[in-house]
Amino acid sequence: MKIAFCCTDTRPEPWLQGLSAALPQADIQVWQPGMAPFDYAVVWAPPQQFIDEQPGLRALFNIGAGVDGLLKLRLPPGLAVVRLEDAGMSVQMAEYVCHALIRHFREFDAYEASARQGQWSFRKPRSRADFPVGIMGLGVLGRRVAQAVAQFGFPVNGWSRAPRALDGVQTYSGPQGLQDFLAASRVLVNLLPLTPDTENILNHDTLGRLQPGGYLINVARGAHLVDADLLALLDAGQLAGATLDVFRTEPLPAQHPFWQHPKITVTPHTSARTLRGETIAQVAGKIARLARQEPITGVVDVARGY
Ligand code: NAP
Ligand code: GLV
Numbered sequence: 001m002k003i004a005f006c007c008t009d010t011r012p013e014p015w016l017q018g019l020s021a022a023l024p025q026a027d028i029q030v031w032q033p034g035m036a037p038f039d040y041a042v043v044w045a046p047p048q049q050f051i052d053e054q055p056g057l058r059a060l061f062n063i064g065a066g067v068d069g070l071l072k073l074r075l076p077p078g079l080a081v082v083r084l085e086d087a088g089m090s091v092q093m094a095e096y097v098c099h100a101l102i103r104h105f106r107e108f109d110a111y112e113a114s115a116r117q118g119q120w121s122f123r124k125p126r127s128r129a130d131f132p133v134g135i136m137g138l139g140v141l142g143r144r145v146a147q148a149v150a151q152f153g154f155p156v157n158g159w160s161r162a163p164r165a166l167d168g169v170q171t172y173s174g175p176q177g178l179q180d181f182l183a184a185s186r187v188l189v190n191l192l193p194l195t196p197d198t199e200n201i202l203n204h205d206t207l208g209r210l211q212p213g214g215y216l217i218n219v220a221r222g223a224h225l226v227d228a229d230l231l232a233l234l235d236a237g238q239l240a241g242a243t244l245d246v247f248r249t250e251p252l253p254a255q256h257p258f259w260q261h262p263k264i265t266v267t268p269h270t271s272a273r274t275l276r277g278e279t280i281a282q283v284a285g286k287i288a289r290l291a292r293q294e295p296i297t298g299v300v301d302v303a304r305g306y
């Protein structure tokens with residue numbers, strides 16, 4: 001079996017070594033234009049030329065959870081697009097979101113500012129009951145985050161496309177459930193895939209429906225958020241702050257107002273990194289199953305967009 005490796009901005013050697021060790025019978029090569037047909041491909045942000053030159057692929061393995069970039073390409077009808085399912089990401093996402101949430105809730109920024117001035121000063125304890133957390137997206141990552149947030153005793157709401165039941169989480173679904181979900185939440189965590197239905201979903205109207213003193217944690221995609229609407233709500237005092245890991249343009253341009261805004265914390269798309277070992281184990285396991293004509297999970301519904 002022949003496997004192409006076509007991942008932009010990724011050093012190929014350790015991936016080739018790892019994939020070869022996991023699939024010793026496979027011939028794995030870094031794709032170059034003009035190469036003969038491959039059976040499977042391991043990709044991140046491949047060029048359209050790769051897709052056009054490899055119309056006979058049996059499956060395309062994305063080494064990330066989000067496939068929005070891949071689905072912008074012209075793909076042959078029927079090609080199986082396979083996303084990463086957790087592979088060590090969900091615990092990272094839970095760490096990141098809990099850190100941002102607790103840093104805000106416990107006012108650690110204010111304590112750090114006091115400490116820098118040599119001040120021993122207390123802030124009034126706040127009640128978790130006043131900080132209900134709403135998680136948009138109850139998929140592989142959203143469910144793990146919901147569980148971690150609930151462990152800290154915060155009330156948790158969740159919103160998904162289809163109705164979902166989750167222990168300890170008040171769930172809402174569909175466009176008809178969105179307004180109630182937002183009205184019940186003060187801290188909003190975005191873990192939706194980027195699709196035509198979810199682009200710009202974090203806007204003046206939706207963010208403005210959060211409880212007073214709302215806080216946004218966006219860890220999904222930059223194009224979910226209307227940047228100017230967030231800035232307006234922060235500057236009007238309607239939102240208390242935001243932690244942003246993802247941006248419309250990445251790297252975030254040097255002159256973007258998010259960098260210097262006193263109520264915004266910026267991180268460089270690092271909330272849940274692709275972990276090479278876990279990813280290779282998952283992808284190799286699925287390729288082996290497909291080679292044995294067995295079914296696999298994680299196949300994207302291209303029409304739905306995730
Ligand atoms: P997933 O398993 O596919 O879950 C997606 C969830 O979103 C599902 O619960 C789905 O609802 C819900 N959803 C989709 N469209 C919706 C809509 N129109 N209205 C309401 N709910 C909708 O995805 P995942 O693995 O959890 O990953 C989520 C996203 O996180 C990825 O797509 C990616 O963009 C982002 N991500 C970011 C990083 C980072 O480092 N910043 C790392 C990894 C992933 P149903 O349950 O009803 O299907
Ligand atoms: C990262 O953003 C991913 O989608 O895996």
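Going by the numbering used here, the sequence shown opens with residue 1, and the numbers climb by one from there. Yeah, the Cβ is synthetic: ideal placement off N, Cα and C, and Gly gets one too. Note that this is a predicted model, so its numbers are computed, not measured.
Option in Q238, Q49, Y40, F154 with minimal Cα separation from L23 | Counting from 1 along the sequence shown, the entry for residue 23 is found at position 23. Looking at the Cα atoms, Y40 is the closest of the given residues.
Is the beta carbon of L207 less than 8 Å from the beta carbon of L216?
-> In the sequence shown, the residue the question calls residue 207 occupies position 207. In the sequence shown, the residue the question calls residue 216 occupies position 216. Taking 8 Å as the Cβ cut-off, L207 and L216 qualify as a contacting pair.
Under the DSSP definition of a beta bridge, which residues are partnered with I280?
-> Residue mapping note: residue 280 aligns to position 280 of the sequence shown, counting from 1. Note: I280 sits in no beta bridge, so no partner.
Coil, strand or helix - T195 by DSSP = Here the question's residue 195 lines up with position 195 in the sequence shown. Three-state result, T195: coil.
Which one of A65, Q48, M93 has the shortest CA to CA distance from P76?
-> Within the sequence shown, numbered from 1, the residue matching residue 76 stands at position 76. P76 has its Cα closest to that of Q48, out of A65, Q48, M93.
For I63, the three-state DSSP class (helix, strand or coil) = Locating residue 63 in the sequence shown gives position 63, where the first residue counts as 1. Coil at I63, not helix or strand.
Residues sharing a beta bridge with N190, DSSP | Numbered from its first residue, the sequence shown carries residue 190 at position 190. DSSP output for N190 lists M136, N218 as bridge partner(s).
Near T198, what residues of its chain come up, given a Cβ to Cβ distance below 7 Å and the 5 sequence neighbours on each side ignored?
-> Position 198 of the sequence shown, counted from the first residue, corresponds to residue 198. For T198, where only same-chain residues beyond five positions count, the Cβ hits under 7 Å are L192, H224.
For chain C, is any of its Cβ atoms less than 8 Å away from the one on T171?
-> No chain C is present in this structure, which holds just one protein chain.
Should L290 be listed as close to ligand 2, given that the test is whether its C-beta is under 7 Å from any heavy atom?
-> What you label residue 290 is simply residue 290 of the sequence shown in a count that begins at 1. Result no, Cβ not under 7 Å from ligand 2.
CB-CB under 8 Å to R276, same chain, minus the five flanking residues each way: which ones, in chain order?
-> Taking the sequence shown and counting its residues from 1, the one referred to as residue 276 is at position 276. Correct list, in chain order: P14, W15, G18.
The stretch 175-190 in contact with the stretch 151-160 per 3-pair CB rule at 8 Å | yes
Using CA coordinates, which residue listed in G56, V81, V91 is at the minimum distance from Y306?
-> If you number the sequence shown from 1, residue 306 lands on position 306. Minimum Cα distance to Y306 is reached at V81.
Counting Cβ pairs closer than 8 Å, one from the stretch 250-257 and one from the stretch 64-71, do we hit at least three?
-> no
Looking at the structure shown, is I308 part of a helix, part of a strand, or coil, going by DSSP?
-> The shown model of the chain, from 1 to 306, leaves out residue 308, and the question about it has no answer.
Give the single residue among G241, R209, Q170, G142 whose Cα lies nearest to the Cα of S271.
-> To locate residue 271, count along the sequence shown from 1; it is residue 271. Measuring from the Cα of S271, the nearest candidate turns out to be G142.
Can you name the start and end residues of the alpha helix (DSSP H) that A45 belongs to?
-> By 1-based counting over the sequence shown, the position of residue 45 is 45. That residue, A45, is in no alpha helix (DSSP H); it is neither H nor E in DSSP.
Shell residues, 5 Å Cβ cut-off relative to heavy atoms of ligand 2 = G64, A65, G66
Expressed to the nearest angstrom, what Euclidean distance is found between the alpha-carbon atoms of A281 and Q293?
-> The sequence position of residue 281 within the sequence shown is 281, counting from 1. The sequence position of residue 293 within the sequence shown is 293, counting from 1. Taking the straight line from one Cα to the other gives about 18 Å.
Residue burial classification, K124 (beta-carbon count within 10 angstroms, cutoff 16) = Working through the sequence shown from its first residue, we reach residue 124 at position 124. So K124 ends up on the exposed side.
Comparing the CB of M89 with every heavy atom of ligand 1, is any distance shorter than 7 Å?
-> The sequence position of residue 89 within the sequence shown is 89, counting from 1. At least one heavy atom of ligand 1 is nearer than 7 Å to the Cβ of M89, so yes.
Whether L235 touches V219 by CB criterion (8 Å) = Numbered from 1 along the sequence shown, position 235 holds the residue referred to as residue 235. Numbered from 1 along the sequence shown, position 219 holds the residue referred to as residue 219. What sits at residue 235 in the sequence shown is Asp, not Leu. Result no, Cβ atoms of D235 and V219 do not sit closer than 8 Å.
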